[in-house]
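Read left to right, the sequence shown gives residues 1 to 337 (UniProt numbering).
Even for Gly, the Cβ is constructed at its ideal location relative to N, Cα and C.
Below is one structure, written out as structure tokens; comments come after it.
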Amino acid sequence: MKSLMELSLQNTAIKDLPDSIGDLESLESLDLSDCSKFEKFPEKGGNMKSLMELSLQNTAIKDLPDSIGDLESLEFLDLSDCSKFEKFPEKGGNMKSLKWLYLRNTAIKDLPDSIVDLESLETLDLSDCSKFEKFPEKGRNMKSLTELSLKNTAIKDLPTNISRLKNLERLVLGGCSDLWEGLISNQLCNLQKLNISQCKMAGQILVLPSSLKVIDAHHCTSKEDLSGLLWLCHLNWLKSTTEELKCWKLSAVIPESNGIPEWIRYQNMGSEVTTELPTNWYEDPDFLGFVVSCVYQHIPDCYFVGLKCELNLHGNGFEFKDDCRFRCWCGKDLIDQ
């Protein structure tokens, strides 16, 4: 079957593949996902020079042969939910075309230094790898990496060279309860989404890049007041965004804040607040907007939260009315915490 391009054996009772699988020179996609008895990938599987997608999700595989590094066209490799998979091959770094690598919920403890040679890698998912403790220090070559998930791992500190991942857009560290030392550098100039929920992060002060648009820091304990850092980050982002887009209707939510900072003027309390604004306030370059702070009290069996705010402006001969709404879904697992 020299011309075979796609082979799907998903959810079968297959235990292994013959070495002759390597003779499928035109094969581009091989799907073995949910083959719960599949234990071993053939050594000669590396001969499939055209293979672009390999899915081994939820199999009984424990490791991969070094010949996997010979799959020079491979772009997608999924080993998610392979609970027995413990070690990524040293020569895996030879897969120069690999863009997406999913190792979620495996028994892997670390990665070989050669992983940094994956210059085309865009997504690396190690979430729910409860035994994973250390990320390679030599991360400078992963110049294409845009998404890194270390969610719910046993990692204790971030490598100092993480700031060299210049194209990183999404960093997920949520649930890393052992993470103690960490410096989120403002050199991550393209970072847009950061999840540090349920992290201790007590060893270092976070230095947040102005490119950040979304931060999840719920149940994050720190020696520093995180709410102040979140305020600073969002104000920097709002300022840069309004200057770039000339947009005057932007909103941000800062959960678990200690309230509105003292340096924000014209503060008051109540369900309705009235204040007199200075002349030409809307032309003031230091004016960033209006801030509302509220305390949420959980209602049993109610996981949907909504907040509506109305803004009314009255002046000489004009009247303006606008409103904004915030909605979120508080899942039961979050409420229980």
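ask   = Start and end of the beta strand (DSSP E) containing Asn195?
value = 193 to 195
key: Range of the contiguous beta strand (DSSP E) that encloses Arg170   = 170 to 172
request  = Using a threshold of 7 Å, state whether the C-beta atoms of Gly175 and Lys151 are closer than that.
outcome  = yes
message = Which residues does DSSP list as the beta-bridge partners of Leu277?
response = DSSP, once it has assigned bridges, lists no residue as partnering Leu277.
ask   = Do you know how far the Cα of Val273 is from the Cα of Trp100?
value = 51 Å
inquiry  = If we define contact as Cβ-Cβ less than 7 Å, is Gly93 a contact residue for chain B?
reply    = Going by chain labels, chain B is absent from the structure shown, which holds only one protein chain.
ask   = Thinking C-alpha only, which one of Ile61, Val291, Asp322, Leu24 is nearest Met48?
value = Leu24
request  = Quick one: grab the DSSP three-state call for Asp128.
outcome  = coil
Alpha-carbon spacing of Leu179 relative to Pro18, whole angstroms = 43 Å
key: Simplified DSSP assignment, three categories, for Lys223   = Here Lys223 scores only 47 on pLDDT, less than 50, and its place in the model should not be relied on; the value that follows carries that caveat. Coil, per DSSP.
query = For Ile61, which three-state DSSP category applies?
reply = coil
request  = Would you mind giving the Cβ-Cβ distance between Leu173 and Ile196, rounded to the nearest angstrom? I have them listed as a contact below 8 Å.
outcome  = 5 Å
request  = Work out the CA separation of Ser144 and Asn190 for me, nearest whole Å.
outcome  = 12 Å
Closest Cα partner of Met52 within the set Ile162, Asp81, Phe76 = Phe76
query = If we ignore side chains and look at the alpha-carbon of each, how far apart do Lys96 and Pro136 end up?
reply = 18 Å
task = Measure the Cβ-Cβ separation of Leu4 and Leu30 and say whether it is below 7 Å.
result = no
task = Decide if Asp125 is buried, meaning its Cβ has at least 16 other Cβ atoms within 10 Å, or exposed.
result = buried
key: Assigned secondary structure, Thr160 (DSSP; H/G/I helix, E/B strand, else coil)   = helix
Residue range of the unbroken beta strand (DSSP E) whose run includes Val291 = Neither: Val291 is in no beta strand (DSSP E) and is coded neither H nor E.
query = Where does the unbroken beta strand (DSSP E) through Glu147 begin, and where does it stop?
reply = 147 to 149
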